[in-house]
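Chemist: Before we start, here is the structure in question, set down as structure tokens.
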Amino acid sequence: MSLIPVTLGLVGLLVACYPAVASWFSQVNQSLLVDDYATLIDHAEPDKTEQIRLAHQYNKALQAGAVFYGGDNKATGEGTSDSGSELNYRDMLHTPDSLVMARLRVPSAGVDLPIYHGTSDAVLNVGVGHLEGTSLPVG
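Everything in the sequence shown is counted per this note's numbering, starting at 2 for the first residue and increasing by one.
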């Protein structure tokens, strides 16, 4: 009979520790993704300078009134863009072997998180989502 309270106590302790342990594993995974992204972006095609140029062009098209809707990849609105299919949202800031598009780093707060295309539940469960149709994070 004395084994039951000990077992229940251990199960309770494991359940109480789960959120902290799960959070720690998530942080480790995000750190690995951000480190991989930093390495992959150096070997990305097109190179990071070209990707940033295209991202600025995408942002300029948005400011001109063009709206890029998910699934359409066609600008609508009053703005004009002469870049054509070059401005596909999913191709912006893309690295070949990673789904990470950028990173959110706030050193004073100890934050370094991966940013992904889109804001689906799956994306938000693993990192920061970028809302399609808004300016890309290029500074």
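Glycine residues also receive a C-beta, built at the ideal position from the N, C-alpha and C atoms.
Suppose you measure from the CA of Ala56 to the CA of Leu137; what does that come to, to the nearest Å?
Modeler: By 1-based counting over the sequence shown, the position of residue 56 is 55. By 1-based counting over the sequence shown, the position of residue 137 is 136. Looking at the two C-alpha atoms, the distance is approximately 6 Å.
Chemist: Would you grab the beta carbon distance between Gly128 and Ile116 for me? Rounded to a whole angstrom, and I think it's under 8 Å.
Modeler: Position 127 of the sequence shown, counting from 1, holds the residue named residue 128. Position 115 of the sequence shown, counting from 1, holds the residue named residue 116. With 8 Å as the limit, Gly128 and Ile116 qualify as a contact, their Cβ atoms being about 7 Å apart.
Chemist: Checking the sheet assignment: what are the DSSP bridge partners for Gly119?
Modeler: Position 118 of the sequence shown, counting from 1, holds the residue named residue 119. Answer is His131.
Chemist: Could you spell out where the beta strand (DSSP E) holding Arg106 opens and where it closes?
Modeler: Walking along the sequence shown from the start, residue 106 turns up at place 105. That run of the beta strand (DSSP E) goes 101-107.
Chemist: Given that a residue counts as buried once 16 or more other Cβ atoms are within 10 Å of its Cβ, and exposed if not, what is Val101?
Modeler: Taking the sequence shown and counting its residues from 1, the one referred to as residue 101 is at position 100. That one is buried.
Chemist: Hey, how far is the Cα of Tyr59 from the Cα of Val12?
Modeler: Along the sequence shown, one-based indexing puts residue 59 at 58. Along the sequence shown, one-based indexing puts residue 12 at 11. Roughly 53 Å between the two C-alpha positions.
Chemist: Does the separation of the CB atoms of Thr96 and Leu33 fall below 9 Å?
Modeler: Indexing the sequence shown from 1 puts residue 96 at position 95. Indexing the sequence shown from 1 puts residue 33 at position 32. No.
Chemist: Does the distance from the C-beta atom of Leu114 to that of Gln52 stay below 9 Å?
Modeler: Within the sequence shown, residue 114 is the residue found at index 113, counting from 1. Within the sequence shown, residue 52 is the residue found at index 51, counting from 1. For Leu114 and Gln52, no; Cβs fall outside 9 Å.
Chemist: According to DSSP, is Asp48 helix, strand or coil?
Modeler: Working through the sequence shown from its first residue, we reach residue 48 at position 47. Asp48: coil per DSSP, three-state reduction.
Chemist: What first and last residue would you give for the alpha helix (DSSP H) that runs through Ala21?
Modeler: For this step, residue 21 is matched to residue 20 along the sequence shown. Start and end: 4-41.
Chemist: Give me, in chain order, the residues of the same chain whose beta-carbon lies closer than 6 Å to that of Leu105; leave out the 5 immediate sequence neighbours on both sides.
Modeler: In the sequence shown, counting from the first residue as 1, residue 105 sits at position 104. Counting only Cβ-Cβ distances below 6 Å, and skipping sequence neighbours, we find Leu114, Ile116, Val129.
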